[in-house]
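Trainee: Protein chains in written order, with UniProt numbering: chain B, 1 to 98; chain G, 1 to 98; chain Z, 1 to 227; chain A, 1 to 772.
For glycine and all other residues, C-beta sits at the position ideal for the given N, C-alpha and C.
It should be emphasised that the depicted structure is a prediction, and the values quoted were computed from it without experimental measurement.
Below you will find the structure I want to go over with you.
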Amino acid sequence: MGNVVIDVMLKPEILDPQGQAVNGALPRLGFDQFTDVRQGKRFLLTVDGEVTDEVLEAARKAAETLLSNPVIEDVVSVRAEQDVDASRAEQDEKDPGR
Amino acid sequence: MGNVVIDVMLKPEILDPQGQAVNGALPRLGFDQFTDVRQGKRFLLTVDGEVTDEVLEAARKAAETLLSNPVIEDVVSVRAEQDVDASRAEQDEKDPGR
Amino acid sequence: MKVGVVTFPGSLDDRDAARAVRAVGGEPVSLWHGDADLRGVDAVILPGGFSYGDYLRCGAIARFAPVMDQLVPAAKGGLPVLGICNGFQVLTESHLLPGALIRNDHRKFNCVDTRLRVENAQTAWTSDFEQGQEITIVLKNGEGGFVADERTLDELEGEGRVVFRYVVPEGGRNPNGSYRHIAGITNERGNVVGLMPHPEHCVEEGYGPSLDGLPFFTSILKQVVNA
Amino acid sequence: MSTSTASSSTGHVPHVDTVGNAGATPDHEQPWLELGLKEDEYQRIRDILDRRPTSAELAMYSVMWSEHCSYKSSKVHFKHFADNTTEEMREKLLVGIGENAGVVDIGDGWAVTFKVESHNHPSYVEPYQGAATGVGGIVRDIMSMGARPIAVMDPLRFGNLNHPDTQRVLPGVVAGVGGYGNCLGLPNIGGEVVFDDCYQGNPLVNALCVGAMRREDIHLAKASGAGNKVILFGAKTGGDGIGGVSVLASETFEEGGPAKRPAVQVGDPFAEKVLIECCLDLYKAKVVDGIQDLGGAGLSCATSELASNGDGGMQVELDLVPLRDASLRPEEILMSESQERMMAVVEPAKLDEFMEICRRWDVEATVIGEVTEGDHLVITWHGEVIVDVPPRSVAHDGPVYHRPLERPAYLDSLQENATGSLAKPTTGDELKADLLTLLASPNLCDKSWVTDQYDRYVLGNTALAMPDDSGVVRVDEETGRGVAVSTDCNGRFAKLDPYAGAQLALAEAYRNVATVGATPLAITDCLNFGSPEDTGVMWQFEQAVMGIAEGCRELGVPVTGGNVSFYNQTGDVAIHPTPVIGVLGVMDDVARRTPSGWKTPGQVIYLLGTTRDELDGGEWAHVRHGHLGGRPPKVDLAAERLLGEILVNASRDGLVDAAHDLSDGGLAVALAEATMRNGVGARVWLDAVCERDGIDAFTALFSESTARVVVAVPRSEEVRFTDMCTARGQVHARIGVVDDQTDGIDVQGQFAVTLDELREAHTRTLPAVFGE
Ligand SMILES: Nc1ncnc2c1ncn2[C@@H]1O[C@H](COP(=O)(O)OP(=O)(O)O)[C@@H](O)[C@H]1O
Ligand SMILES: [Mg+2]
């Protein structure tokens, strides 16, 4: 069983009320290091077998036709899940204080 | 200027109506290779300087207190943006047919 | 009797909740999200609406308002609190009530008159109902699906803390996909109640589908007077 | 939230086209054509300024002189409205056409404002955001009059229900209307959902808002009093809706083009909700001297209109505008259509209080200029003058076209092709089958898939909403005084005869308001048409305007304002002319409104009005034969007026318990709707009506003759009711009785149809296409 992760974000020039709301709330909770917040979507698509190039290509097509609205959103990444886990593990190592 | 990416997904046992809807729509559009879809959130937090360990730690706290609800959601990753770009570039290379 | 009604930015049904309090002879007191002050009220209503636009998650940002810093300990100490719709969402986000409310299973906002069964007529807000009574109350939300893990659900049922259930024909679907048809719940003490439907829209002849919302407000009136 | 801000570009100020520069470079080529200006219009700007415009000025003129903002093709026809407004009508108006929205007096010191507007094209491009910002825009118009918005409505038109693109557009539009309106806390109390192939590439998304205030609280859009501050408040300005204007910005860029600018606007209903509450607090504190919403043409419109309606000039420092996107150029800032912004004119002494109220609501407010002694609008960018114009020339003295018009040649053959030759049902079974087919058809089917997505209860004042004939809301909580509103238009009728079609829309909305027991007071209209450059379309437009104007005079209700939407066409093919009319009526106690469904067994059903053989353009011909031809039903406004009086009196005196107007699908559909409403059946007989009006059962059931309603009369009131009708000359016939023993409707001698059959047909259509 394999997974494909697709990330979709509002285009940078498009107003993001949700991100704005988070941005407004963070300082009130004492988080003042962040200057901006944007909120997007993350899709996790599962396939029965391996994530082949064909699967990725299909995922990319789905991302562009169904999962995003090209008028206001960008597909920022389509990748096999392993990549994420890898980067996550790496990250966790960097910061043992978690 | 640096970015932190935070990924939040509904816990596997929680109903995901949006993911279900995508899941139902994919085969109708000819995508029949996917067996399941889950939809989550992706946050992009911007900081003025570099993404230090302190920044990551703050992001992790924000993710756990504000950006996710532990009753229904998991924070699946908190990382500096570079990781994403790297994995994305790598991905793109893997699939030159894009 | 003074019943506080909290206004968050984006609260919508605060005026309606105040009107309902007035309808039974109570005195509504408006509470401002930014003031860490409950103004000596005897009970509090967290009204419906879209606090902070319901961005991020419903009720997630409102939970951190200064007024909540006062309300959470007061509720834990027994102050009667009713969370209606968005107010219910704020209560779950604040962990005063268990579970969470997610997107309706059909993914649409849904405004319908709905039948509820009163499963617990002993809480501060439901004592004027009969146990098992069926009532008609306005339901209107986009994220009203009540979810919790199995253990929590069993616990809620075991302790009689499910206060309202959607009346659904055998094998049928409820209006938002709530687990076990749950429309409203209470805490262990029975002073904090949250529900998705809107009793404040059912208190005036000619302006709503029924008068079945009135007992919520008469219940609290008696409770406070007797306390 | 201060009087200055660092959010605009800092340090390096790129080159801008100043007034000095424009004077020195008269021959500089300008992209007026790309901006939609005609050569003579560009020349006119040069004549007004006596030099070439700066690029910022060109931006302002081009957008303000666009069809959308200047009404250049329609203006000349508005004289029909003025010419037909009598003294009686004018008395009801506190504010008339020309302001952001008209205001009518509803008595007891209350004033009500309402207006309908289109957001058609944006909703086709991006259905959710287009529809959402359409609602947001009309609500700000209502707020700018000083009113609290109290309800919204959404007349919608889509292409074929089964076309794949309808499945993209409709759910998005409905979710957008609901997403925005629900989040604002405004009850949606009605609207329309109409399907017709002619709207396939041009869906119509019209939005109406109603607001209420005390008479003395009316505010106007004007900048007066030299030294008064000009404040921009609400959301930051971004690149929203700029699209084409970027050609200008690219002009002034030294290297490369401008960043990509979105042509779609994204709404933030939460920001608008907070803005509403903030404005209401500002009005209450009496710190606002003049106010204007920012809608189409953004700051260009707000500054020039405020200045031109005032008694002085205005000076604005554009670099003080808080930006969401620091790379925006001055031309773009002037034209940005970012949502959720307002502009106020405030006396210096009240500035602190103004700012304090904004702070309480967390609304960003910035002083960006002030009212000046002169008579020019002067806009600077980091100290350099980039605009120096007479504001009237921008806002009001735009070009006026007398576009050629001509009755289309196709009309004769269209009108000759009447329904007379179509095959009609004759047996009872055939009649029943046609009724069920009609009830299931896209235009007549149950619309709750749509309307359940709208909050109709919020604010707690809704006395009637969908699916009743009008939305009814209480304005005064003490007395119950309130208003009823209905919107209507049958585009097929307007296609067959635009003058009559417009009057039929007016008549139907008027009748719907009277049916619930309210006295019609005033109208607003949204005129959706094809291209004004098409002589046939222009002729339709003139006909419709005349129809409305003359119809309003006959009914004694003034036009308070409205909106024109041209260019709704795909290639050469225009939509049916669609003049949507919204009628507003008043009731002294809305608790007494008459609902559309009957409830009480034994009550007597009367049909008011005369039925003629009028099926052309009607729903039966459309659904059963896909036929459009002939002439629309006869307009009889005197009959409508009389019927209205009967209905209002009957409601006031408690003579009727239910009333439902007859329109699309005729008597058959009205009976079915009144039966399904509460699930209480009826026995009906048609013989007397057939005999009196000289028609057959089919015509009695499906004709769409106007000025008709069915009412349910308590037995105890029957004599008083019929006496009233007789005394006033109202045609009436006893056609049935409410009967809970009858399952559904029993049309005696013809057919019986059960409640299940009716509901099965009526409720399945939209869920079958869009999902449960
Ligand atoms: N888009 C909509 N939004 C809100 N209400 C709607 C909408 N479309 C239809 N309705 C409501 O559904 C009911 C039936 O609509 P319609 O058949 O067009 O009424 P009528 O023929 O009386 O004008 C009315 O109450 C109308 O206001
Ligand atoms: Mg009607």
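1. Do Arg38/G and ligand 3 come close, with the Cβ less than 7 Å from some heavy atom?
2. Looking at Asn528/A and Ser565/A, is the spacing between their C-beta atoms short of 8 Å?
3. Measuring only the C-alpha atoms, how far is Val103/A from Gly744/A?
4. Any beta carbon from chain G within less than 8 Å of Lys41/B's own beta carbon?
5. Is DSSP giving Glu255/A helix, strand or coil here?
6. Span of the alpha helix (DSSP H) holding Met89/A?
7. So Ala23/Z and Pro80/Z are supposed to be a Cβ contact under 8 Å. How far apart are they, rounded?
8. Kindly say whether Pro17/B, judged by its beta-carbon, lies nearer than 8 Å to any beta-carbon of chain A.
9. Along chain A, in chain order, which residues have C-beta atoms closer than 9 Å to that of Pro9/Z?
10. Under the rule that 16 or more other beta-carbon atoms within 10 Å means buried, what is Ser68/B, buried or exposed?
11. Do Ala659/A and Leu647/A come within 8 Å of each other at the CB atom, strictly closer than that value?
12. Apply the 10 Å Cβ neighbour rule to Thr52/G and answer buried if 16 or more other Cβ atoms are within range, or exposed otherwise.
13. Threshold first: 4 residues or longer. Then list the alpha helix (DSSP H) segments lying entirely within the segment 397-443 of chain A, N to C.
14. Val8/G and Ala63/G - do their beta-carbons sit closer together than 8 Å?
15. Are at least three pairs of beta-carbons, each pair with one atom in the segment 622-634 of chain A and one in the segment 516-532 of chain A, less than 8 Å apart?
16. Which residue from Thr46/G, Leu44/G, Ala21/G, Val37/G puts its Cα closest to that of Asp48/B?
17. Please work out which residues of its chain come closer than 6 Å, Cβ to Cβ, to Pro155/A, disregarding the five sequence neighbours upstream and downstream, and give them in chain order.
18. Taking only beta carbons into account, state which residues of the segment 173-202 of chain Z come closer than 8 Å to chain A, listed in chain order.
19. Among the residues of its own chain, which have a CB less than 7 Å from the CB of Gly597/A, if the five just before and after it don't count?
20. Looking at the secondary structure, which residues open and close the alpha helix (DSSP H) in which Trp539/A lies?
21. Relative to chain G, which residues along the segment 144-160 of chain Z have a C-beta separation below 9 Å, given in chain order?
22. Quick check: the Cα distance between Val367/A and Arg28/B, rounded to an integer number of angstroms?
23. Since Gly181/A and Val210/A should fall inside the 8 Å C-beta cutoff, what is the C-beta to C-beta distance between them, to a whole number of angstroms?
24. Quick check on Thr462/A - is its C-beta less than 8 Å from some C-beta in chain E?
25. Residues in its own chain within less than 6 Å of His80/A by CB, not counting five upstream and five downstream?
26. Applying the 10 Å Cβ sphere with the 16-neighbour rule, what's the burial state of Leu431/A?
27. DSSP has Met314/A in a bridge; who is on the other side?
28. Short of 9 Å Cβ to Cβ, which residues in the segment 58-74 of chain B face chain A?
29. State buried or exposed for Glu50/B, treating a residue as buried only when at least 16 other CB atoms are found within 10 Å of its CB.
30. If we define contact as Cβ-Cβ less than 8 Å, is Leu29/B a contact residue for chain Z?
31. Asp128/Z and Ile84/Z - do their beta-carbons sit closer together than 8 Å?
32. According to DSSP, is Phe50/Z helix, strand or coil?
33. In terms of residues, what are the limits of the beta strand (DSSP E) holding Leu139/Z?
34. In or out: Gly20/A buried (at least 16 other Cβ within 10 Å) or exposed?
35. Going along the chain, which residues of its own chain have a beta-carbon closer than 7 Å to the beta-carbon of Gly227/A, five neighbours each way excluded?
36. Between Asp128/Z and chain G, is any beta-carbon pair separated by less than 8 Å?
Mentor: Let me lay it out:
1. Judged by which ligands are present, ligand 3 is missing from the structure shown, whose ligands are ligand 1 and ligand 2.
2. Looking up residue 565/A in the fourth sequence gives position 565. Looking up residue 528/A in the fourth sequence gives position 528. Contact flag set, yes.
3. By one-based count along the fourth sequence, residue 103/A stands at place 103. By one-based count along the fourth sequence, residue 744/A stands at place 744. Cα atoms of Val103/A and Gly744/A: separation of roughly 44 Å, rounded to the nearest angstrom.
4. Position 41 of the first sequence, counting from 1, holds the residue named residue 41/B. Put simply, the CB of Lys41/B is near chain G, with a gap under 8 Å to one of its CB atoms.
5. Here residue 255/A refers to the residue found at position 255 when the fourth sequence is read from its first residue. With a pLDDT of 44 at Glu255/A, under the threshold of 50, the modelled position of that residue is not reliable, and no figure is offered here.
6. Against the fourth sequence, residue 89/A aligns to sequence position 89. From DSSP, the alpha helix (DSSP H) with Met89/A extends over 87-91.
7. Taking the third sequence and counting its residues from 1, the one referred to as residue 23/Z is at position 23. Taking the third sequence and counting its residues from 1, the one referred to as residue 80/Z is at position 80. That pair is no contact at about 18 Å.
8. Residue mapping note: residue 17/B aligns to position 17 of the first sequence, counting from 1. Interface residue, yes.
9. Within the third sequence, the letter at position 9 stands for residue 9/Z. Near Pro9/Z (Cβ distances below 9 Å), the residues of chain A are Phe270, Lys273, Val274, Glu277, Trp361, Asp362.
10. Indexing the first sequence from 1 puts residue 68/B at position 68. Classified as buried, Ser68/B has 16 or more neighbouring CB atoms from the shown chains inside 10 Å of its CB.
11. Your numbering for residue 647/A matches position 647 in the fourth sequence. Your numbering for residue 659/A matches position 659 in the fourth sequence. Their beta carbons are under 8 Å apart, which means Leu647/A touches Ala659/A by this criterion.
12. Taking the first residue of the second sequence as 1, we reach residue 52/G at position 52. Thr52/G comes out exposed.
13. The segment 397-443 of chain A is shown to contain whole alpha helix (DSSP H) runs of 4 or more residues at 410-416, 428-440, in chain order.
14. Here residue 63/G is taken as the residue at index 63 of the second sequence, counted from 1. Here residue 8/G is taken as the residue at index 8 of the second sequence, counted from 1. The Cβ atoms of Ala63/G and Val8/G sit closer than 8 Å to each other.
15. No, the segment 622-634 of chain A does not touch the segment 516-532 of chain A.
16. On the first sequence, residue 48/B is found 48 positions in, with the first residue counted as 1. Ranking the options by Cα distance to Asp48/B, first place goes to Val37/G.
17. Counting from one through the fourth sequence, the residue named residue 155/A turns up at place 155. Same-chain partners within the cutoff: Gly191, Glu192, Asn206, Thr487, Val580.
18. Within the segment 173-202 of chain Z, the qualifying residues are His198, Glu200, His201.
19. Here residue 597/A refers to the residue found at position 597 when the fourth sequence is read from its first residue. Around Gly597/A, the same chain offers Ala658, Ala674, Arg677, Asn678 as residues with beta carbons nearer than 7 Å, after the five sequence neighbours per side are excluded.
20. Along the fourth sequence, one-based indexing puts residue 539/A at 539. Residues 535-555.
21. For the segment 144-160 of chain Z, residues whose beta-carbon sits nearer than 9 Å to a beta-carbon of chain G comprise Gly145, Val147, Ala148, Asp149, Glu150, Thr152.
22. In the fourth sequence, counting from the first residue as 1, residue 367/A sits at position 367. In the first sequence, counting from the first residue as 1, residue 28/B sits at position 28. Val367/A and Arg28/B have their C-alpha atoms spaced approximately 26 Å apart.
23. Stepping through the fourth sequence from its first residue, residue 181/A is reached at position 181. Stepping through the fourth sequence from its first residue, residue 210/A is reached at position 210. About 12 Å separates the two Cβ atoms, so there is no contact after all.
24. As a matter of chain content, chain E is missing from the structure shown, whose protein chains are B, G, Z and A.
25. Mapped onto the fourth sequence, residue 80/A falls at position 80. Correct list, in chain order: Val545, Met546, Ala549.
26. To locate residue 431/A, count along the fourth sequence from 1; it is residue 431. Residue environment for Leu431/A: buried (at least 16 other C-beta atoms within 10 angstroms of its C-beta).
27. If you number the fourth sequence from 1, residue 314/A lands on position 314. BP columns for Met314/A point to Val371/A, Leu377/A.
28. Within the segment 58-74 of chain B, the residues whose Cβ lies closer than 9 Å to some Cβ of chain A are Asn69, Val71, Ile72, listed in chain order.
29. Against the first sequence, residue 50/B aligns to sequence position 50. So Glu50/B ends up on the exposed side.
30. Reading the first sequence from its first residue, position 29 is the one you call residue 29/B. Answer yes: the Cβ-Cβ gap between Leu29/B and chain Z drops below 8 Å somewhere.
31. The residue given as residue 84/Z occupies position 84 in the third sequence. The residue given as residue 128/Z occupies position 128 in the third sequence. The criterion of a C-beta distance shorter than 8 Å is not satisfied by Ile84/Z and Asp128/Z.
32. The count along the third sequence starts at 1 and reaches residue 50/Z at position 50. DSSP places Phe50/Z in coil when its eight states are reduced to three.
33. Translated into the one-based positions of the third sequence, residue 139/Z becomes position 139. Segment 134-141, the beta strand (DSSP E) holding Leu139/Z.
34. Here residue 20/A refers to the residue found at position 20 when the fourth sequence is read from its first residue. A residue is called buried once 16 or more other Cβ atoms fall within 10 Å of its Cβ, and Gly20/A, having fewer, is exposed.
35. Working through the fourth sequence from its first residue, we reach residue 227/A at position 227. Excluding positions up to five away in sequence, the list reads Pro348, Glu370, Val371.
36. Residue mapping note: residue 128/Z aligns to position 128 of the third sequence, counting from 1. For Asp128/Z, not one C-beta of chain G is nearer than 8 Å to its own C-beta.
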